[in-house]
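Numbering (this note's numbering), first residue to last: 210 to 659.
Just below is one structure, and these are the notes that go with it.
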RNA sequence: GUGGGUGUAGCUCAGGUGGUUAGAGCGCCAGAUUGUGGUUCUGGAGGUCGCGGGUUCAAGUCCCGUUACCCACCCCA
């Protein structure tokens, strides 16, 4: 009788388990995001997590190539796991353009995989929550994208405690044209994007190193970042900097339109800031660019980023598909909420708990639980008869709000005791009134009154 | 991928210069009159000291390797 060898339970580097205390708020966040997208008319889509490698490699960056989980499938095909939701979306649109009709608005929530090195808030498997509008170049879509972002953070609970930074790549391009740096746009903007993090001196240094920018050229780019004051003032100051660059002027015009539209929709001025220094690392953005930061935790970085692009699916179709969209950094937001104490500690999804302590009344407990569920309540019935005290302790620890205590006496009289575990109060009432009473307690604040 | 740091009970950590049965707090489990929870009291379970080698009479404590996590770079959500 030799003991079987145990396999050490463990998760892969960069991959995580989600126990209820984390999975519950995480799911709630996902639901909030989806509900927000839907409220603007975005429709859900889903795509396979595996794609042919040639589809995903389309973008051709050697960096993503290295980070891909890639292997041969059972049919000998060269396949890989998606590393973002944008490429699969591009493939999806190219493949289904005929039935979709343009413009097309979709949201897509799903896990993606990148085999890069891990760090706090950076994993090898993580969730992306994208939304995009394609098939239109009108700034209305850019404006709506900004509105979605604002609404998203309002609903999550960051009302008035977030700031969306807004920029337009064409403004940057216009300035680069003026400075004769247009063909070094990528390294220059990449450096500029780090301004807040590493400071102006190092940005100049990096521009010189990676883009061969002279001191005066680099300073010209940084002049953008020095603009201060209200959005209107910054917008006005941009004119002379951009000069006669047609590209730059169109960028300024688009920025003005988005700002005006957002204001018209009732977003407070303080929520949106024109920030000409944000550029986003990705080179495929060509117009409006968004970055959203939490006022209470700026150090955590952008929690929702996106922008406008000229052509989503040029690799897969000749049809030109311009669009605009953004991606919510859900795991980052979740981490922020935890740090800010915005998450509860509940590990249950049922507000109502029914202890099973009269062992001969199993059927009656089942009936009672069913009635409450029919009334729309989430109810957990303890699965075995046990001492009442132990069951209440269990309920309390899990965060059930209410306990319905019923034993032989109560069943005989058709009554029950409703206990508010958060407030430490209880009341006697007829079972017929139970569902309504539960609903009324659940609509109230859990803080102990009196 | 590069550089640095960390890894002791479920959790947070103690464990001078290597030396008998590795500790604490919290948590967990069980009791403290048979149907009432977060307090208190008593008792209890639980550790291959990340893993694998090596040095030594002797290693949690030294050396090497490895793995996971954390920080910076890179890149990005």
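Every residue, glycine too, gets a C-beta built ideally from N, C-alpha and C.
- The shortest CA-to-CA distance from residue 402 to any of 560, 635 and 484 is the one to 484.
- By the neighbour-count criterion, in which a residue is buried when 16 or more other Cβ atoms sit within 10 angstroms of its Cβ, residue 628 is buried.
- Nearest in C-alpha terms to residue 506, of all of 649, 545, 410 and 525, is 545.
- DSSP places residue 654 outside both helix and strand once states are collapsed to three, so it counts as coil.
- Assignment of residue 373 by DSSP, reduced to helix, strand and coil, places it in the strand class.
- Beta-bridge partners of residue 513 (DSSP): 501 and 537.
- With distances taken between CA atoms, residue 397 lies nearest to 415 out of 415, 343 and 411.
- Taking a 10 Å sphere around the C-beta of residue 220, we find fewer than 16 other C-beta atoms and assign the residue as exposed.
- Annotated three-state conformation of residue 292 is coil, per DSSP.
- Unbroken beta strand (DSSP E) stretches of 3 residues or longer found wholly inside the segment 403 to 484: 481 to 483, given in chain order.
- Counting only unbroken stretches of 3 or more residues, the beta strand (DSSP E) elements lying wholly within the segment 298 to 383 are 313 to 322, 334 to 343 and 371 to 377, in sequence order.
- Contact annotation, residue 343 with residue 530: C-beta distance approximately 5 Å; criterion of less than 8 Å satisfied.
- The straight-line gap separating the alpha-carbon atoms of residue 388 and residue 376 is approximately 19 Å.
- Distances from the alpha-carbon of residue 604 to those of 361, 589, 482 and 479 put 589 closest.
- Secondary-structure assignment with DSSP links residue 625 through a beta bridge to 638.
- Where residue 577 is concerned, the enclosing alpha helix (DSSP H) starts and stops at 571 to 583.
- Non-local beta-carbon contacts of residue 570 in its own chain, meaning distances under 7 Å to residues more than five positions away in sequence, involve 617 and 620 in chain order.
- The three-state secondary structure of residue 260, taken from DSSP, is strand.
- Secondary-structure assignment with DSSP links residue 614 through a beta bridge to 626.
- In the three-state reduction of the DSSP assignment, residue 518 falls in the strand class, which pools E and B.
- Beyond the five residues adjoining it in sequence on each side, residue 644 comes within less than 6 Å, by CB distance, of 581 and 584 in the same chain, given in chain order.
- Residue 530 sits in coil when the DSSP states are folded into three classes, being neither helix nor strand.
- Annotation: the continuous beta strand (DSSP E) that includes residue 279 extends over 279 to 281.
- Using a C-beta cut-off of 8 Å, the segment 323 to 330 makes no contact with the segment 441 to 454, since fewer than three inter-stretch Cβ pairs fall below that distance.
- The shortest CA-to-CA distance from residue 317 to any of 255, 346 and 304 is the one to 255.
- One thing to note: residue 515 has its Cβ within 7 Å of the Cβ of residue 536.
- Assigned with DSSP and collapsed to three states, residue 562 falls in strand.
- With a beta-carbon spacing of about 6 Å, residue 433 and residue 384 fall inside the 8 Å limit used to define contacts.
- In this model, residue 251 and residue 607 are separated by some 36 Å (Cα to Cα).
- Residue 533 sits close to residue 351, with the two beta carbons spaced by under 7 Å.
- CA-to-CA, the gap between residue 510 and residue 613 works out to about 45 Å.
- Taking a cut-off of 8 Å on C-beta distances, the segment 232 to 252 touches the segment 302 to 317, as three or more cross pairs fall below it.
- With distances taken between CA atoms, residue 265 lies nearest to 295 out of 240, 642, 238 and 295.
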